[in-house]
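Peer 1: Residue numbers (the UniProt record's numbering): 1 to 1200.
Submitted below is the structure of interest, expressed as structure tokens.
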Amino acid sequence: MTNHYFRFVRSGCGYLLNWSAFLLITMLISFDVNAQNTQYNFNKAPLNSVISEISTKTSYEFVYDAELVKKAKPIDLSLSTSNIKTLMDAVVKGQAFSYEIRNNRTIVLKAVFENLEDYMLHGMVTDSLGGPLPGASVKIKGTNRYTTTDGNGHFNMNLNSQFNTLDINYIGYLSATQKFDKDAALKVVTVKLMANSSLLADVVVNGFQSLPKERQTGSFAVVDSATLNRQINPDLLAALEGKVAGLMYTKNPNGLSADQPVLRGVGTYSANVGTSPLIVVDGLPSELTLDQINPYDVESITVLKDGAAASIYGSRSGNGVIVIATKGGKAKGVNITLNADLFISGKPDIAKMHYASTSDLIDYETAVYNTERARFTTTESMFSGYGNVNNGTIKYYSPLYELYRQQATGAITTTQLNNTINQLRQNDYIKDYVDNIWQNEVRQRYNLSFNSGNGKSSNYLSLNYDASDERMKYDNSENFNIYNKSTFNLKKWLTATIGINASYNTSTTSNFDYTNYLLQPRYAQITDANGNLVYSDYVNLNDGFSSSGAVNGAVISTLKNNNNFKSFGFNLLESMQEGLAKNKAINIRTFANLKANIYKGLSYSMQFQYENRNADSESFYDKNSYRMRYAYNYLTSYNATTGIYTRNLPDGGRYYQLNRKSNSYTFRNQLSYDNSFGKNQEHNIAAIAGVEMRQTLTPRSLETVRYGYDPVTLSSTTLNMATLSTAGITSYIGGTRTLSALATKQEQIKHRYLSAYSNMSYTFQGKYNLTGSVRVDQADLFGVDPQYKNRPLWSVGLGWNANREEFLKNIEWLNMLKVRATYGINGNVDQSSSPYLTATLRNDVLFPSLQYTNISTLPNPKLRWEKVASTNFGIDFSTLNNRLRGSVDFYSKYSNDLLVTTELDPTVGAISRILNNGALRNRGIELNLTGDWYKNNDLTFSSQFVIGFNKNKVMEVNTAAQNAYSYVGAPANYFFINQQFNSLYAYRYGGMTNGYPYFLDENGNSNVTFNAAGVPTAVKDITNTSAIVNMGSLTPLYSGSFSQRVSYKSFELSAMLVFSGGNKLRKDVTDLSSNTVYDQDITQRWTATTTSELPRLYVDYATSALNYASTLSSLWKYSDIQVLDASYIKLRNIILSYNLPQQVSRLIHVSNVRVSGQVNNLWYWSAAGDDIDPETYSANSGTRSLQIPKTFILGLNVTF
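Have a look at this one:
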């Protein structure tokens, strides 16, 4: 067990366990333990009065038939008791009904029928995943007899041959009607209800208020807990994929590596603003990301898409809002749920990278060597250009080059050279790397939750443990998470909620350089056939914390007998264990909410949330580690006069520490009003108004480094960093070398916000809706120009519940039809800009007493929010007895006042500034369809289809690059008006002559001049922007998913396909201007003896054309001939689950058991072909990356 784990046990675990003990006590004391006798006095009291008084004085609820109450005799009773059975025996005495007490919380009154009941049906009502639905209504069709399910979803009902059909209903789910004959009484039957997010009765939670969907006009998407957990999700980010139309997951936007959601397209030009939606947890904005939230703690997720839905969040809502509602306690009783998940991800298929074989690479490198050698009169003169100790600039050359050098100098014979090369051909460094460095990723996750309540309070507590062994050997992580939410009904009119979410995370990661499986030549080795470590004399990797240069074979030969220097020998497997970064982080989110019902429909709420993060990282390199040996050698100087070597770096280790903190708070006060009035309650008004204060703080980081460190004595050596980091030392190996110092810049970032907001909706006759909202944000960066102060962000919306119109009521196949239209203005903020002059106070290392100020940015008094105006038209519908449900939305987003780099008159003191000076438009269509095609007692078929189309257009920008390559290489920074933002621009390919490609300039002329032999004599670089063409968007124009689910009895099989398309990518092509290449294309290149569709590589260029290789390589890489379709389809997951029959579950004293097996990323199709995975591919640079490997998952869910 590692030391950091024991430190956790002593510190972090103890901290969380203390919290756990406190929260468990909080949960336990929420139960009513009052057992004193209670006096009951009834004098000819009607049964409904008796029921009401017993419910008030106890924690019991009653379930009964209305007709039974009407027919009951008046009750005379005087009794003092705390025993509910004694009380109920007295109540039913002499009556024509009996009672049954269920689960110590429900009393069911049952009429005494004669010759009616033939058999007792024992059943359970669950969601589609097998989770119990407590409180579901179960009614015998054709009668007034009904009951409700208990806390575990169970019910009992007497049936007979005449009345044997049940109607089952639960809020938010499609109702079910099932017939049960007498044979069903021999087992426990299960009735599954399907979630129906399209029902008008559903409630939409936007973080400020909860309203029925029928009274909303905005564009929302609601994903409930059952839908989220139908699959086993690695995190909440993955759980949302394919569930919301218009929510796109771009793993490589702009050619960079990222994995963040983008809603309805990119609405900003600024990378500082970002594209991710605002995350809101339990009504308050949070600094958490989706992958940091435990999926098992989530009750529902509401995605706010348009201006009417999201504008209430003001200046941070321009990219949309994701509102997460966490789970709370239940009304009564206790539910315990255990989830256990095992994830196993295989190693990526390295063959999909299309690398050349070891033998081919040796042949290619030999050709490179021969070509280079031919340019020199002697081998010695060639290698002198690579430098040696105290002789020129030292440059790295490969071990194969070293063999040729040794053969040329007579150190080895030609036979020995050839024998050694033949042995090297048998090696495969990449295979060694995969076998020794990579491992299957194994992740274990356990979640235990307690859901309890007693009518006066409720509590939800979850404990989560998540541990992973990552792909890289020695990399691992552990996460402990605790979440508690307690709600107390202090008075009938007053409710309080308090909670905490705390996590403690530890991880170990190896140095990033070691993740490169091309670190050494393919003919190198990590281990031999017997598993022994194989050491290389040198590699092309320096220490990383000094300005040390490269080494080569000549340097190694010169130093090998000098005892003043340490070995440069390297073995990856050994070095990976050196300098492991040990990280730990504590995240705490605490929250409180007080709600008071003041008057009919009027309430006041006060919310507070505090978030804190504390992260520490440390690493240690032992004195004998590769990097310390490297730095030690290069920082050794020599006095030729005295013959003394000076070791400027102490003979010890290097210990590094970093501490980072951040915190934020949000405080909100709000008045809410929701009331119906008028004839038949045909008017309804719901309104909120409030103020919100928020602060985020990132204190300065604390960073230390110690050299000569001894982990046993904890001692270190003080160095003169002022000298070592600036003037440096004269290295014996060569050159002036410095030791990197820590950054001296210190900064603390604090942002404050003050907001006032209001939202109102009016509904007439349940048919017509009018909504509106307004919000004014003030912040520390707000522009000082009066015309930009107090600029409101607002929205207005209209809705029509058409199916409630008389002329549509009689259409049997139309169950629901709603039409809505909205317009709203949201905002985005770039907190790196300021209306004020910003400066940095500095002093020099050489002159510490001299302080001066650097102006960082000039003031921008007209700075203002980026403004996003959204127009949305949508239709929600449900047809064919709710079997086909869906929605369609048409939207247009116009973003203006966008922050872009703008050229200025140099006389103002700067040549460019980031100003509000751009506009961008997004238009799109979204479609969401759900169909329950077939359903009977045992078999169901259902499907879901989600798709979103989006296309943007640059509407305004007055800055332009002068060089075409700016648009080609950085399309997210440079763009043309009336074209798509983030487009793929390309040079026009003209053809190939003698293996040399040429391209067309702005006039359509070739940029290359050839001589009679077909060798370039002049090459013109193409810089005119008129010479490039727009090949299409780098961002997908559409994305979506198709899900199919089949259930038969206790089994359920489901699968989800995700797709994306309409965008482009570049091929990965071999660099024509470098001799360091790995692609299998080296065997198909154009040579003097072989013609090919591929051009010459650098090794085959005529000497006179070598200077043109770089230009031709860049044009070749970014030419239109290299552009491919980036569309793809992936089988994201396929899941088989099994619910244990209820009669078996009862035998083992559990409510439900569900076992699931799942495979992720089992198959994909790509229009680009050639083993390209567009999800992991850098589209603009044309860089191939490892494909996403398959993941196999086992899951267990047990409810007690």
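No residue lacks a Cβ here, since even glycine has one placed at the ideal position from N, Cα and C.
1. Quick check: the Cα distance between SER1074 and LEU519, rounded to an integer number of angstroms?
2. Look at the Cβ atom of LEU486, then the Cβ atom of ASN459, and state whether they are nearer than 8 Å.
3. Within 10 angstroms of its Cβ, does SER49 collect 16 or more other Cβ (buried), or is it exposed?
4. How should HIS1149 be labelled, buried or exposed, when 16 other C-beta atoms within 10 angstroms of its C-beta is the threshold for buried?
5. Would you mind sorting ILE991 into buried or exposed? The rule is 16 or more other CB atoms within 10 Å of its CB.
6. Under 8 Å between the Cβ atoms of LEU808 and PHE877?
7. Anyone know if the C-beta pair for LEU915 and SER311 falls short of 8 Å?
8. Go through the UniProt domain "TonB-dependent receptor plug" (213-321) residue by residue and report every complete run of the beta strand (DSSP E) that reaches 3 residues or more, in order.
9. To which residues of the same chain is TYR517 closer than 6 Å at the C-beta, ignoring the five residues directly before and after it?
10. Closer than 6 Å by C-beta to LYS767: which residues in its own chain qualify, once you throw out the five before and the five after it? Chain order, please.
11. Between the Cα of SER1043 and the Cα atoms of ASN390, SER942, GLN406 and MET88, which residue gives the shortest distance?
12. Give the secondary structure of ASN73 by DSSP, where H, G and I count as helix, E and B as strand, and everything else as coil.
13. With the cut-off set at 8 Å, would you say ASN759 and ILE825 are in Cβ contact?
14. Can you have a look at PHE764 and say buried or exposed, based on whether 16 or more other CB atoms are within 10 angstroms of its CB?
15. Are the beta-carbon atoms belonging to ASN950 and GLY924 less than 8 Å from one another?
16. Contact between the stretch 154-168 and the stretch 176-189: three or more CB pairs below 8 Å?
17. Do ASN319 and LEU263 have their C-beta atoms closer together than 8 Å?
18. Let me check understanding here. Comparing Cα to Cα, which of LEU400, LYS456, LYS347 and ASN489 lies closest to GLU470?
19. Measuring alpha carbon to alpha carbon, tell me which residue in LYS141, THR126, ALA325 and ILE140 is nearest VAL223.
20. Could you tell me which of ALA238, LEU121, LYS893 and THR217 sits nearest to ASN769, measuring between CA atoms?
21. Return the Cβ separation of TYR1177 and LEU1131 in integer angstroms, given the expectation that the two are a contact with Cβ distance under 8 Å.
22. Does DSSP put TYR1078 in a helix, in a strand, or in coil?
23. Is LYS974 buried or exposed, if buried means 16 or more other CB atoms sit within 10 Å of its CB?
24. By the three-class DSSP mapping on this structure, what secondary structure does GLY652 have?
25. Which whole-angstrom value describes the C-beta separation of ASN505 and ALA585, a residue pair presumed to lie in contact below a C-beta threshold of 8 Å?
26. Within 10 Å of its beta-carbon, does LYS73 have 16 or more other beta-carbons around it, so buried, or fewer, so exposed?
27. Just how far apart, CA to CA, sit PHE1200 and LEU1136?
28. Just tell me which of ALA1027, ASP1021 and THR993 has its CA closest to the CA of ALA1012.
29. In chain order, what residues of the same chain have a beta carbon less than 6 Å from the beta carbon of LEU1186, not counting five sequence neighbours either side?
30. Indicate whether residue 1202 and ASP537 have their beta-carbon atoms separated by less than 8 Å.
31. Tell me the DSSP secondary structure of ASP89 in three-state form.
32. Please work out which residues of its chain come closer than 7 Å, Cβ to Cβ, to GLU682, disregarding the five sequence neighbours upstream and downstream, and give them in chain order.
33. I'd like to know if the stretch 419-429 and the stretch 282-294 are in contact, where contact means that at least 3 CB-CB pairs between them fall below 8 Å.
34. Under the assumption that VAL705 contacts ARG660 (Cβ atoms under 8 Å), give the Cβ distance between them as a whole number of angstroms.
35. What does the alpha-carbon distance come out to for the pair ILE1134 and THR1183?
36. In whole angstroms, give me the CA-to-CA distance for GLY392 and PRO1016.
Peer 2: The structure says:
1. The straight-line gap from Cα to Cα measures roughly 17 Å.
2. For the record, residue 486 in the displayed sequence is Ser; it is not Leu. Contact flag set, yes.
3. exposed
4. exposed
5. Note that residue 991 is Gly in the sequence shown here, rather than Ile. Around the beta carbon of GLY991, a 10 Å sphere encloses fewer than 16 other beta carbons of the protein chains shown; the residue is thus reported as exposed.
6. No.
7. no
8. The DSSP assignment places 220-224, 247-250, 260-263, 278-281 and 298-304 as complete runs of the beta strand (DSSP E) inside the UniProt domain "TonB-dependent receptor plug" (213-321), in order along the chain (cut-off: 3 residues).
9. ILE430 and TYR433
10. ASN801 and ARG804
11. SER942
12. A small correction: the amino acid at residue 73 is Lys; Asn does not occupy that position in the sequence shown. LYS73 falls in the coil class under three-state DSSP.
13. no
14. It is exposed - the Cβ of PHE764 has fewer than 16 other Cβ atoms within 10 Å.
15. yes
16. Flag = yes, the stretch 154-168 and the stretch 176-189 touch.
17. yes
18. Closest by alpha carbon: LYS347.
19. Here the closest residue by C-alpha is ALA325.
20. THR217
21. The pair is not a contact, with the Cβ atoms about 18 Å apart (cut-off 8 Å).
22. coil
23. Reading off the sequence, residue 974 comes out as Tyr, not Lys. By the 10 Å Cβ count, TYR974 comes out buried.
24. coil
25. Indeed they touch by this definition, with Cβ atoms about 5 Å apart.
26. exposed
27. 22 Å
28. Closest by alpha carbon: THR993.
29. PRO348
30. In the structure displayed, the chain extends from 1 to 1200; residue 1202 sits before or after that span and is not available.
31. helix
32. PHE764 and GLN765
33. no
34. At roughly 16 Å, the Cβ-Cβ gap does not stay under 8 Å, so VAL705 and ARG660 are not in contact.
35. 30 Å
36. About 33 Å.
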